[in-house]
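As structure tokens, the structure follows; a few thoughts come after it.
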Amino acid sequence: MLEIQNLTRPGLAPANLSLHRGECVALSGPSGSGKSIFMRAIADLDPNTGEVSLDGRPREAVAGPDWRRDVVYVPAEAGWWGDRVAAHFPEPDIAVVLAMRLGLPEDVMAWEIARLSTGEKQRLALVRAFMTTPKVMLLDEPTSGLDVEATAKVESLLHERIGEGVALIVVTHDGGQ
């Protein structure tokens, strides 16, 4: 279980949340209301105060990289540092299977990052997050750049992960999600 008590930072009022394995919580609100700040604070990407624990273990007792493997944040616009898609995946042969489930073609790992659309980048960022086998996924507008068919594929894979016990916090502006 992810337990959050009095989590705050500039621009964020103190927040509390208990999130169990296999549970999904949607966050919605006006742009600029602090949803992304909240998610980044949970992932410990920005300075913050308050108590956050996972399965009873305080965040402070876990090395940062280990925390972010278990509690993975997928921003609305993920970073890309290599020239080709495969450079972002330690196991491209496994990643391509997930990518294909999200509607991307088999040769996507050979593509240059510069040619990717926003929606392709979003789906590949999700694949990258899935590859870490997280316990909690913090998803910031994961389908905002996707068409109806791609959105359905993403939602289907997320539902599978929920069934496997992964907890999700999803920022969305789509009331249907």
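When the letters of the sequence shown are read in order and numbered with this note's numbering, they come out as residues 362 to 538.
Here a beta-carbon is modelled for each residue, glycine too, at the ideal position from N, C-alpha and C.
What number of angstroms, rounded off, separates the C-alpha of residue i from the C-alpha of residue j?
{"i": "Asp-468", "j": "Glu-525", "result": "28 Å"}
{"i": "Pro-495", "j": "Asp-431", "result": "4 Å"}
{"i": "Gly-390", "j": "Asp-416", "result": "28 Å"}
{"i": "Ala-404", "j": "Trp-428", "result": "7 Å"}
Take residue i and list the residues in its own chain whose beta-carbon comes closer than 7 Å to its own, dropping the five residues that flank it on each side.
{"i": "Gly-372", "result": "Gly-395 and Ile-398"}
Sorted by chain position, which residues of the same chain lie with C-beta nearer than 8 Å to residue i's C-beta, five sequence neighbours on each side aside?
{"i": "Trp-442", "result": "Ala-448 and His-449"}
{"i": "Ala-511", "result": "Leu-463, Gly-464, Gly-480, Arg-484 and Thr-504"}
{"i": "Asn-545", "result": "No information on residue 545 is available, as it lies outside the stretch 362 to 538 that the chain covers here."}
{"i": "Ser-478", "result": "Gly-506"}
Given a cut-off of 8 Å, decide if residue j and residue i are closer than it, judged by their beta-carbon atoms.
{"i": "Ile-523", "j": "Gly-411", "result": "no"}
{"i": "Leu-406", "j": "Tyr-434", "result": "yes"}
{"i": "Ala-528", "j": "Leu-388", "result": "no"}
{"i": "Trp-472", "j": "Arg-489", "result": "no"}
Return the bridge partner residues of residue i from the DSSP annotation.
{"i": "Thr-410", "result": "Thr-369"}
{"i": "Asp-427", "result": "None; Asp-427 has no bridge partner."}
{"i": "Pro-419", "result": "Ser-414"}
{"i": "Arg-522", "result": "Partner(s): none; Arg-522 has no beta bridge."}
{"i": "Met-498", "result": "Val-433 and Leu-529"}
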